[in-house]
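First residue of the sequence shown: 127, per this note's numbering; consecutive thereafter. Glycine included, each C-beta is placed from N, C-alpha and C at the ideal position. None of these values were measured; they are calculated from a predicted model. Scroll down for the structure; my scribbles are underneath it.
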Amino acid sequence: MSTKQYTVKQLILSSWIHHPTHHSLPKFAPLSPLRNWLNNLEVSDRHFAHKLCRTIPTQCPFERQINFLGRTLLRIPPLCKLNPLYNEVVALRFRAICFLADECGEDVSSYC
């Protein structure tokens, strides 16, 4: 193997290797503790799971369609996606439904 081929291989391989920079600032995440708390919240009580399923809605309650004489005048899009904790809250509701169905053996069709 010649020096030229070895150098080209080194250049190709070195371009694939990630070199982390230590000069980057830490990310500002003020909601991170709350996200971690919601993600680590254990659903282990039947009453708590029912309360979560009743409290957290299935669909966004703000989404509306205003009709007049059969025509749509205004459509308000779902605003839940603007909530920075939306995914964590929906995951918590899903864990509560799974707990009721799997652990308690209850019918959860009323929550879907």
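Per-residue burial, Arg-219 [other beta carbons within 10 Å of its own, 16 or more giving buried]: Stepping through the sequence shown from its first residue, residue 219 is reached at position 93. That one is buried.
Go ahead and label Cys-224 buried or exposed: buried means 16 or more other beta carbons lie within 10 angstroms of its beta carbon, across all protein chains shown. Counting from 1 along the sequence shown, the entry for residue 224 is found at position 98. Cys-224 comes out exposed.
Taking the alpha-carbon positions, what's the Tyr-237 to Glu-168 distance? Locating residue 237 in the sequence shown gives position 111, counting from the first residue. Locating residue 168 in the sequence shown gives position 42, counting from the first residue. Computed Cα separation, rounded: 19 Å.
For a test of the three-state rule: what should DSSP assign to Asn-209, helix, strand or coil? Locating residue 209 in the sequence shown gives position 83, counting from the first residue. In this structure, Asn-209 counts as coil in the three-state DSSP scheme.
For Asn-165 and Glu-214, believed in contact at Cβ under 8 Å, the rounded distance: Residue numbering aside, residue 214 sits at position 88 when the sequence shown is read from its first letter. Residue numbering aside, residue 165 sits at position 39 when the sequence shown is read from its first letter. Confirmed, Cβ separation roughly 6 Å.
Inter-residue spacing [alpha-carbon to alpha-carbon] between Asp-171 and Val-216: Within the sequence shown, numbered from 1, the residue matching residue 171 stands at position 45. Within the sequence shown, numbered from 1, the residue matching residue 216 stands at position 90. C-alpha separation (whole angstroms): 18 Å.
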